[in-house]
Amino acid sequence: MSDIETITYDWRAKIATENNSLSHHDPNVVLLAANDDTTKILENYPEANPGRWPWQRNVWGDVVNFVSKGKPKAIIFDLKFEGEEDKKSDKYFADAIKNKNVVIGTALSIPRNSEQIEVIIEDLNEELQKHDKNINDQPNEAIDNYISSIYSVVYKRSSLGKRLSLTPESDYCQGLTYGDQHARQFLNNITFYEKSSIYDDLVTNAAYLGVINLKSSENTIFRYHVPLYRLVTPQGISYIPSLPLAAVLSVIPDKEKSPFIITKNNLIIGKRVIPVDNSGRILLNWHGPGSTYENIPVAKVILSSALEQGKIKEINKYHKISSDYFKNKIVVIGQTSAGTDIHPTPMSSIYPGPEIITTAIDNLLNDADVTSSHRRKFILKSSPAIDIPLTLVLCLIIGYAMLRAKSNFNKFQTFIFAVMLYVALATCAFIHPQVRIWLNMTYPLTFMFLTGISTYAYMTFRENKERKQIEQLFGKFVSPQILEKLLADKTGISSRGQRKVMTVLFSDIRGFTTLSEKYPPHEVIEILNEYITEMVEIILDHNGTLDKYIGDAIMAFYNDPVEMEDHALRAVQTAVTMREKLAELNEKWVKEGKEPLKIGIGINTGEMIVGHIGSPRLVDYTVIGDNVNLASRVEALTKDYNVTILISESTYNEVKDIIHAEYVDEVVVKGKRNAVKIYEVK
């Protein structure tokens, strides 16, 4: 997961460099490169060609002398000068850098002898335990003594550059204990036990020495920079700046070097605040791919210097450079030839090491300056205290939004929108020069994905359950088309009763009691089932809802659970079709020697209550109200007036322009004070 997260970091880092307004670099930091162009150029001037790499140190002495004429702010060597070589050449180079603000790179190492490391750890642990006994009784004094034991001596000119005073805040030591295990933890990945053997004259004349060990992250891609290294030896502990930090210290005024404070999360140098993580690292602010900082082939300096000294008579104008070019610049000198000092970074898999150094110098000089209006804040990695609540909120939002979505497509849209919104948020927080927060993408997106999957699974389970309930409740009482509409849009189904205008149809067989006494029971059931089957199919074909059977009577209603504007017309058309179908059945039964049936159908339209009615053991989806009772009364009147279909005035008003109906009478029915007009459908 952490590897995936670093990939998202690299992606955001690249985006942050694509807009120059968000990632402008310092043009006064330049790279003097021993690159492939240098090799090609020098091949044309054998009298000035230094030969095979590594070059003799007097060559670098000439480079320093030439560049320093232009009065640069500092000259930084990202090269190793270990041990003595040719004494004359070594002295020439050492004399050339004297009083010229030159910073020399040095490498630290861990001894191969593990026993030596054990001795160092034991010595350090023994020193710390001296103060352990006072930690409870006199905590402030114990912490002060503890600090002084670790940070006692830093930078002596005789060893590693100029002296600096480190004043760590007391809370820097909180949480540290003094057992062997914790001593090992304290000696973390920025700790080394041996310094390189740079010859004394170079150490004496250099303005600063800086560590050039490039420490990558776990998967070897360089994202971090360590500004301060701890050197542990049997003689004590000292701190050495990285080469970029040494470069910054060499160019800023002495008054800006104080105070020099190490806190738990920051390295503070005057007005510069450098945020560090628990391993003492900063995340680099990248400004672009390779060659973002101006790369000048060092061959131009070598040839221009040789021309001034008369070693060569003339050179191509494109191979010349003036020392004035380097005025007020920080000049980094390093090797960038193919296959040499190359490292993978978020910007490229082949990124020159000296350009990592120039990037770090730019960061520590400009981005660390809290007073600079052009400052681009350092990247700060969000903590679990931010990531966990943020992830929880995002998951809750996704879950809630998906639950509210009406269709699967809307659910998918909601999920994709939430993911894209968070990716945009995390990207903007990363690239904005005044925000620069590395919000974790991997864990939030993973949990958002899991939330989306689990929410969808839950909703699918719930919808299947609701589907079965709807099929059980309505499957036998509505047409397949209506059932599909109900399954697609459940908003029409209310678990609570609701009032709405609907049309109710009652149908009853006249004289069925006499008929049932005339035929054997099995024939009665056979005739009744055949009749009801045909009538129910007609009701369903007209999108009616079969309410119930009441003996030989059938009750149906229209405009629920799916709404339809022409519900009255559908009910009347149902009645007409039922009358026609009964005529066909009677013809068939007469041929079979059976008596024909007569039916009466009553229809009324009006406001009524619809909903689930019953007990937990048995529940019906039905309609109740005065207008339901009126439909039943109208159906009863068909016998008195010897007609098949009667409709109320309210129904007649809905269908009079389409259905042929004649006025029959105005009657007072039970439960109604006012007379009701009834019409016969022809």
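Position one of the sequence shown corresponds to residue 623 (our numbering), numbered consecutively onward.
Idealized CB from N, CA, C, for every residue including glycine.
Please read these numbers as outputs of a predicted model, since none were measured by experiment.
task = Whole angstroms is fine: what's the gap from GLU1185's alpha carbon to THR1167's?
result = The residue given as residue 1185 occupies position 563 in the sequence shown. The residue given as residue 1167 occupies position 545 in the sequence shown. Spanning the two alpha carbons is a distance of roughly 11 Å.
query = With contact counted as at least three CB pairs below 8 Å, one residue from each stretch, are the stretch 709-723 and the stretch 661-680 in contact?
reply = yes
key: Residue closest to GLY1247, alpha-carbon to alpha-carbon, out of VAL953, THR1077, GLY1233 and VAL1265   = Locating residue 1247 in the sequence shown gives position 625, counting from the first residue. The shortest Cα separation from GLY1247 among VAL953, THR1077, GLY1233 and VAL1265 belongs to GLY1233.
request  = Indicate whether SER976 and VAL954 have their beta-carbon atoms separated by less than 9 Å.
outcome  = Translated into positions along the sequence shown, residue 976 becomes position 354. Translated into positions along the sequence shown, residue 954 becomes position 332. The residue you asked about is not Ser; residue 976 is Pro in the sequence shown. Contact: yes.
key: Alpha-carbon spacing of LYS1033 relative to LEU1025, whole angstroms   = Position 411 of the sequence shown, counting from 1, holds the residue named residue 1033. Position 403 of the sequence shown, counting from 1, holds the residue named residue 1025. Near 8 Å, if we compare the C-alpha coordinates of LEU1025 and LYS1033.
request  = Tell me whether GLY956 sits in a helix, a strand or coil according to DSSP, three-state version.
outcome  = For the purposes of this step, residue 956 is taken as residue 334 along the sequence shown, with counting starting at 1. It is a strand residue.
Cβ separation of PHE1000 and ARG634, assumed to be a contact under 8 Å, to the nearest whole Å = As a first step, residue 1000 must be located in the sequence shown, where it is residue number 378. As a first step, residue 634 must be located in the sequence shown, where it is residue number 12. No, PHE1000 and ARG634 are not in contact; Cβ-Cβ is about 14 Å, not under 8 Å.
task = Report the option in SER913, GLY910 and ILE983 whose CA atom is closest to the CA atom of SER864.
result = Here residue 864 corresponds to residue number 242 of the sequence shown, with the count starting at 1. That would be ILE983, whose Cα lies nearest to the Cα of SER864.
query = How long is the line joining the alpha carbons of GLU1156 and LEU1043, rounded to whole angstroms?
reply = Within the sequence shown, residue 1156 is the residue found at index 534, counting from 1. Within the sequence shown, residue 1043 is the residue found at index 421, counting from 1. For GLU1156 and LEU1043, the distance between alpha carbons rounds to 57 Å.
key: Cβ pair LEU1259, PHE1179 closer than 9 Å   = Here residue 1259 corresponds to residue number 637 of the sequence shown, with the count starting at 1. Here residue 1179 corresponds to residue number 557 of the sequence shown, with the count starting at 1. Cβ distance not < 9 Å, so LEU1259 and PHE1179 don't count as in contact.
key: Option in GLN1120, GLN1195 and PRO1218 with minimal Cα separation from ILE1149   = Residue numbering aside, residue 1149 sits at position 527 when the sequence shown is read from its first letter. Nearest option by C-alpha distance: PRO1218.
message = Is the separation between the beta-carbon of ALA1040 and that of ASN1062 shorter than 9 Å?
response = In the sequence shown, the residue the question calls residue 1040 occupies position 418. In the sequence shown, the residue the question calls residue 1062 occupies position 440. Not a contact, by the Cβ cut-off of 9 Å.
request  = Taking the CB atoms as reference points, tell me whether ASN657 and LYS695 lie closer together than 9 Å.
outcome  = Working through the sequence shown from its first residue, we reach residue 657 at position 35. Working through the sequence shown from its first residue, we reach residue 695 at position 73. No, Cβ-Cβ distance for ASN657 and LYS695 is not below 9 Å.
query = Closest by CA to LEU1207, which one among ILE1221, VAL833 and THR1013?
reply = Counted from its first residue, the sequence shown places residue 1207 at position 585. Residue ILE1221 is the option with its Cα nearest to LEU1207.
ask   = Can you give the beta carbon distance from LEU867 to PRO881, rounded, assuming they're within the 8 Å contact cut?
value = Within the sequence shown, numbered from 1, the residue matching residue 867 stands at position 245. Within the sequence shown, numbered from 1, the residue matching residue 881 stands at position 259. Not really, about 16 Å apart at Cβ, beyond 8 Å.
query = Once you ignore the five residues that flank ASN1251 on each side, which residues in its own chain have a CB closer than 7 Å to its CB?
reply = Residue mapping note: residue 1251 aligns to position 629 of the sequence shown, counting from 1. If we look at ASN1251 and ignore the five residues flanking it on each side, its Cβ neighbours are GLY1293.
message = Let me see if you follow: with CB-CB separation under 9 Å, is HIS965 close to chain D or not?
response = Judged by its chain identifiers, the structure shown contains no chain D, having just a single protein chain.
query = Could you give the uninterrupted runs of the beta strand (DSSP E) lying entirely in the stretch 1175-1217, keeping only those of 3 residues or more?
reply = Taken in chain order, the complete beta strand (DSSP E) segments of 3 residues or longer contained in the stretch 1175-1217 are 1175-1180.
query = At what residue ranges does the stretch 1017-1064 contain a whole run of the alpha helix (DSSP H), taking only runs of 4 or more?
reply = 1030-1053
request  = Tell me SER970's beta-bridge partners as DSSP assigns them.
outcome  = The sequence position of residue 970 within the sequence shown is 348, counting from 1. Paired residue(s): none; SER970 is not in a bridge.
query = Rounded to a whole number of angstroms, what is the C-alpha to C-alpha distance between ILE1008 and ILE1020?
reply = One-based indexing of the sequence shown puts residue 1008 at position 386. One-based indexing of the sequence shown puts residue 1020 at position 398. Cα to Cα, ILE1008 sits roughly 18 Å from ILE1020.
key: C-beta atoms of GLY1236 and ILE1267 nearer than 9 Å   = Here residue 1236 corresponds to residue number 614 of the sequence shown, with the count starting at 1. Here residue 1267 corresponds to residue number 645 of the sequence shown, with the count starting at 1. In this structure, ILE1267 does not lie closer than 9 Å to GLY1236 by Cβ.
LEU906, DSSP secondary structure in three states = Within the sequence shown, residue 906 is the residue found at index 284, counting from 1. It is coil, neither helix nor strand.
key: Spatial distance of LYS935 from LEU831 (CA atoms)   = In the sequence shown, the residue the question calls residue 935 occupies position 313. In the sequence shown, the residue the question calls residue 831 occupies position 209. In a straight line, the C-alpha of LYS935 is about 37 Å away from that of LEU831.
task = With DSSP as the reference, label ARG998 as helix, strand or coil.
result = For the purposes of this step, residue 998 is taken as the residue at position 376 of the sequence shown. ARG998: coil per DSSP, three-state reduction.
key: Local conformation of THR1013 per DSSP, three classes   = Taking the sequence shown and counting its residues from 1, the one referred to as residue 1013 is at position 391. THR1013: helix per DSSP, three-state reduction.
ask   = Distance, Cα to Cα, MET1177 vs ALA1193?
value = Within the sequence shown, the letter at position 555 stands for residue 1177. Within the sequence shown, the letter at position 571 stands for residue 1193. About 11 Å.
task = Can you give me the Cβ contacts of ARG998 inside the same chain, cut-off strictly under 6 Å, excluding the 5 residues immediately before and after it?
result = In the sequence shown, the residue the question calls residue 998 occupies position 376. Within the same chain, ARG998 has close Cβ partners ASN907, ASP989 and PRO1055.
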